[in-house]
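Comments concern the structure below.
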Amino acid sequence: MWAVAPLLLLLLLPPLARLWRRRAARLEPAGRAVLITGCDSGFGHLLALRLHRLGFTVFAGCLYPDGEGARRLQREAAAGRLRVLRLDVTRARDVLAAKELVLSHMPERGFWGLVNNAGISTFGETGWLSMEKYEKFTDVNLLGSIRTTLAFLPLLRKYKGRIVFMSSIIAYFSLGNGTYSMTKAAIEKFCDALRLEMKKFGVRVCIIQPGNYARCTKIQPPISAEEIWNELSEEEKAVYNKEYVQERVNFFNSMLSKGSTNGNEVVDAMVDALTSPAPKARYMVAKLKEKALVFVCALFPTIVMDSILSYAQSKVKLA
Ligand SMILES: NC(=O)c1ccc[n+]([C@@H]2O[C@H](COP(=O)([O-])OP(=O)(O)OC[C@H]3O[C@@H](n4cnc5c(N)ncnc54)[C@H](OP(=O)(O)O)[C@@H]3O)[C@@H](O)[C@H]2O)c1
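Numbered by mature numbering (1 follows the signal peptide of the UniProt record, and there is no 0), the letters in the sequence shown go through residues -19 to -1, 1 to 300 in order.
So, in structure tokens, the structure goes:
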């Protein structure tokens, strides 16, 4: 009997923790400010509307404040608690201006949350992308989140707030988008350090790891093999061929077309991270198949994962 007790405890812990999390009192959003980056479309856009509806004071950072997404936010949240601001996370002066705006319109209960949501995605084997592209992806997906976090850290410490980062299950493996994968893996490590360091200040750091939701956001529209081929350098064209590129693109597009369509599942996790009395360090919002891939990747030797992922490789022979 005593031998099975630890096992029983292990099995019972997750449902008990879930029950406790559900029953514990939620945060009162009124009078609390949250800044979200990348609200022009996708999860950021949905989250801005949701948080506004819940009663938060929302600062919605948009890359294009005159664009359709920003205008829709302004229309739907005309009550005054949602402010659209220009925020390109690669520009330090935009980030500082965002901080000034938050400071000058701070609600009574202060600055509660920063959601580092802005991101861009790409496709291509390592040698296909130029150095400029690597710099751009790192600047938006990784340094952009760090830049914004550093600017708001003093406020978050002062009000014992929350920081939410958008990672991806792609942080664990790559399926033809190694650059994107690299930036998400780096964000995970940044958060691991930050989460521990912020604990003593009462600041909680949460990571959201969505699976494939490409069909319900603008992150990665279907790609064209023609465009990829035209962008290759002459040296790469001498090694690869059009048929190879086409096959890789077909695989990637077919994967994108199987993505989940309910972006609100991801937004639910973002809201939980901001409002739960006991937020999780990581929220994996993915299909069972995607979770199984992550599980294999995290627990088995690399050779197992490489064998599984080799099905994604092109069968076209290269000279
Ligand atoms: N959808 C998925 O399957 C999925 C899966 C895992 C993780 N994620 C992550 O979720 C986050 C949100 O993406 P999403 O899927 O909602 O895609 P999305 O619709 O493309 O949203 C990304 C937002 O970031 C904005 N943005 C791009 N560059 C920016 C910059 N330099 N500064 C500020 N904002 C910038 C985009 O603006 P514009 O629209 O004006 O370009 C857009 O509003 C990203 O971090 C993404 O990596 C998405």
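Beta carbons: idealized from backbone N, C-alpha and C, even for Gly.
- For T38, the enclosing beta strand (DSSP E) starts and ends at T38 to C43.
- Assignment of V266 by DSSP, reduced to helix, strand and coil, places it in the strand class.
- Separation of P191 and L237 (C-alpha to C-alpha, rounded to the nearest whole angstrom) is 13 angstroms.
- In this structure, the straight-line span from the alpha carbon of Y221 to that of W109 is close to 10 angstroms.
- In the DSSP assignment, L68 is bridged to no other residue.
- With contacts defined by Cβ atoms closer than 8 angstroms, N211 and M147 do not form a contacting pair.
- With a 10 Å radius around the Cβ and a threshold of 16 neighbouring Cβ atoms, R62 comes out buried.
- In terms of Cβ geometry, G48 and H26 do not form a close pair [threshold 8 angstroms].
- Membership of A99 in any alpha helix (DSSP H) is not indicated, and neither H nor E is assigned to it by DSSP.
- The beta carbon of F24 sits closer than 7 angstroms to at least one heavy atom of ligand 1.
- Here DSSP, grouped into helix, strand and coil, assigns P(-6) to helix.
- The residue among A262, G91, R64 and D21 with its C-alpha nearest the C-alpha of G12 is G91.
- A contact is defined here as three or more CB-CB pairs under 8 angstroms, and the stretch 170 to 184 meets this definition with respect to the stretch 136 to 156.
- If you check the C-beta of N98 against ligand 1, you find a heavy atom less than 7 angstroms away.
- Taking the Cβ of L131 as the reference point, every heavy atom of ligand 1 lies at 7 angstroms or farther away.
- In the three-state reduction of the DSSP assignment, R53 falls in the helix class, which pools H, G and I.
- The criterion of a C-beta distance shorter than 8 angstroms is satisfied by A254 and Y264.
- Looking from the CA of V247, the closest CA among V230, F233 and A267 belongs to A267.
- In this structure, the straight-line span from the alpha carbon of Y292 to that of E217 is close to 23 angstroms.
- Distance from the CA of A(-3) to the CA of G100, rounded to the nearest whole angstrom, comes to 32 angstroms.
- Just measuring C-alpha positions, the residue of N158, V39, V76 and G244 sitting nearest P88 is V39.
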